[in-house]
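Position one of the sequence shown corresponds to residue 2 (my numbering), numbered consecutively onward. Just so you know, even glycine gets a beta-carbon here, dropped at the ideal spot from N, CA and C. To start, the structure under review is shown below, and the notes come after it.
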Amino acid sequence: MRQNMIYNEKKVEMLRQRYPEGTRICLDSMDNDPRPIPPGTKGIVQFVDDAATLHCKFDNGRTLGVIPDVDKFHKIAQEQSQIDKQTEENIECEEITETEDLEENEEMNMSM
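In structure tokens form, the structure reads like this:
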């Protein structure tokens with residue numbers, strides 16, 4: 002029984018090193034949860050608890066523990082995380098530009 006406990010402590014430590022706070026992950030599947038996070042949802046690891054559960058805050062606003070060997074997920078490389086962030090910023094800028102264009106068109110129509 003003691004060996005199993007040591008193994009768990011080693012596993013927890015390994016997970017804490019592999020998934021430190023701020024690590025980006027992408028959930029592939031979560032089959033055993035009554036309200037699973039949808040596949041493809043990305044999130045940030047907040048911490049790994051003593052039971053080896055990765056507690057995450059997902060981009061859709063939910064927080065939930067991800068259990069290695071039960072839930073399927075993968076780590077997102079830092080470069081990919083930066084690309085995703087830049088893409089989101091570009092989309093937000095495009096939306097702002099489109100809004101500004103609409104306002105300019107409305108002003109032009111009103112002055113005619």
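Item	Value
Secondary structure of R25, DSSP reduced to three states	strand
Whole-number beta carbon distance between V13 and V49, since they are thought to touch under 8 Å	6 Å
Residue from D60, A52, R63 and N33 with nearest C-alpha to D72	N33
Nonlocal neighbours in the same chain, by C-beta distance under 8 Å from Y1, ignoring five residues either side	Any property of residue 1 remains undetermined from this structure, which presents the chain solely from 2 to 113.
Contact set for N9: own chain, Cβ-Cβ below 6 Å, skip 5 residues either direction	none
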